[in-house]
Amino acid sequence: MIDTHCHIDEEAFAADREEVIARQKAEGVEAMIVPGVNAASIETVMDVCHRHPGYCYPALGLHPEDVKDNWEEELAKVEAAIRAHREELVAVGEIGLDYYWDKTYKEEQKEVLRRQLLLARELDLPVILHNREATEDIVQLVREAANEKLKIKNYELKPLRGVFHCFNGSKETAMQILEMGFYLGIGGVLTFKNCKLGEQLAGVNEIFRDTDISKDRNIEGALIDRLVLETDAPYMAPVPHRGERNESRFMRGVVDKLSEILHISAEEVVQRSTANARKLFFA
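Given below as structure tokens:
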């Protein structure tokens, strides 16, 4: 298993970080991607990844909740770090839009996202996208950035690719994302008692299995080939660990739920989602 979204650098792991990482290795987690969220996290992300090369892989970005009055200064620091660490990074992220708590900086969030999407294309890196209560805007911005024809110093921008982290949307939203060529990041929310995500994914799976519809929607293969596993640790622990500090090894509960929904074995979920993570972040 590869945990494609783990904040192992955060304070919640300060007291026992080394023990936690050792425990994940012992329980079948072969790698974790560690996304940054602001300028301050550049140091913490890079430090933990340098301490665990070949196991913890860095991504850097400016999270929408960190877009405030000083957003231009903050973004400049993050962009400079992304360029400086380009050869070590596996993605630009965590970036995106979040209108849930506060819409004060809505337009600034959109500008910050746009710039980071284009930077990812320039540097040929995938993106890790955060979306909360902003689906229409983020899909539009991703489409626009993907279709941008700009050249930078006679250099053609690379195709935009990435994952919608912590996906918990409708069947219709999932199809929009998949038709753009992006992956869905599936984590602990799938196991929550009143969550409808399982039903939505089952519906998407039926579309993939219907050859005529899938051709019309410009998708191919199987839904499992467009999913990656994640935790968002230390947050969003799956059942039966809900309320605990999340860890990468808890993805087993998500694997079991996906196995049930997609009617394939847990072993196949692990194998194919791991292959997807490798293709997106390490190819």
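Residue numbers (the working numbering): 859 to 1141.
Beta carbons are placed, not taken as given, at the ideal position from N, Cα and C, and that holds for glycine.
Environment of residue i [buried if 16+ CB atoms lie within 10 Å]
| i | result |
| --- | --- |
| GLN882 | buried |
| THR1089 | buried |
| GLU1105 | buried |
| ASP960 | exposed |
| ASN989 | buried |
| TYR1013 | exposed |
| GLY1079 | exposed |
| THR962 | exposed |
| ASP861 | buried |
| GLN974 | buried |
| ALA917 | buried |
Beta-carbon proximity of residue i to residue j, cut-off 8 angstroms
| i | j | result |
| --- | --- | --- |
| VAL892 | VAL906 | yes |
| LEU1043 | VAL1021 | Just to set this straight, residue 1043 is Gly in the shown sequence, not Leu. Contact: yes. |
| ILE953 | LEU981 | no |
| HIS921 | VAL895 | yes |
| SER1117 | SER1123 | yes |
| VAL948 | PHE1140 | yes |
| LEU1085 | ASN1134 | yes |
| ALA1091 | HIS908 | no |
| ILE986 | ALA939 | no |
| VAL1112 | PRO1096 | yes |
| VAL1047 | MET1094 | yes |
| ARG1107 | GLU885 | yes |
| LEU1018 | ALA978 | yes |
| ARG1103 | ALA870 | yes |
| LYS1115 | THR1049 | yes |
| GLY919 | VAL936 | yes |
| TYR915 | ALA889 | yes |
| ASP927 | LYS968 | no |
| LYS1143 | GLN1058 | A query on residue 1143 cannot be resolved here, the shown segment of the chain reaching from 859 to 1141 and no further. |
| MET859 | VAL878 | no |
Bridge partners - residue i, DSSP secondary structure assignment
| i | result |
| --- | --- |
| ASN989 | LEU955 |
| HIS1040 | Per the sequence shown, the amino acid found at residue 1040 is Phe instead of His. Beta-bridge pairing links PHE1040 to no other residue. |
| ALA1091 | CYS864 |
| TYR913 | None, per the DSSP bridge assignment. |
| TYR963 | For TYR963, which the question treats as bridged, DSSP gives no partner whatsoever. |
| GLY1045 | Looking at the DSSP assignment, GLY1045 forms no beta bridge with any residue, so it has no partner. |
| LEU918 | VAL950 |
| PHE1022 | LEU987, LEU1042 |
Rounded distance between the beta-carbons of residue j and residue i, thought under 8 angstroms
| i | j | result |
| --- | --- | --- |
| LEU1120 | LEU1081 | 7 angstroms |
| GLU932 | LEU976 | About 17 angstroms separates the two Cβ atoms, so there is no contact after all. |
| GLU1037 | ARG1075 | 6 angstroms |
| GLU956 | GLU930 | The residue asked about is misnamed: residue 956 is Asp in this sequence, not Glu. Contact flag wrong, Cβ pair sits at about 19 angstroms. |
| TYR958 | GLU991 | 5 angstroms |
| VAL1000 | ALA1032 | Contact flag wrong, Cβ pair sits at about 14 angstroms. |
| HIS1023 | HIS863 | 5 angstroms |
Below-8 angstroms beta-carbon distance, residue i vs any chain B residue
| i | result |
| --- | --- |
| GLY919 | The structure shown contains no chain B, having only a single protein chain. |
Alpha helix (DSSP H) segments (min. 4 residues) lying fully within the region 865-904:
As for any alpha helix (DSSP H) of minimum length 4 sitting wholly inside the region 865-904, the runs are 875-884, ordered along the chain.
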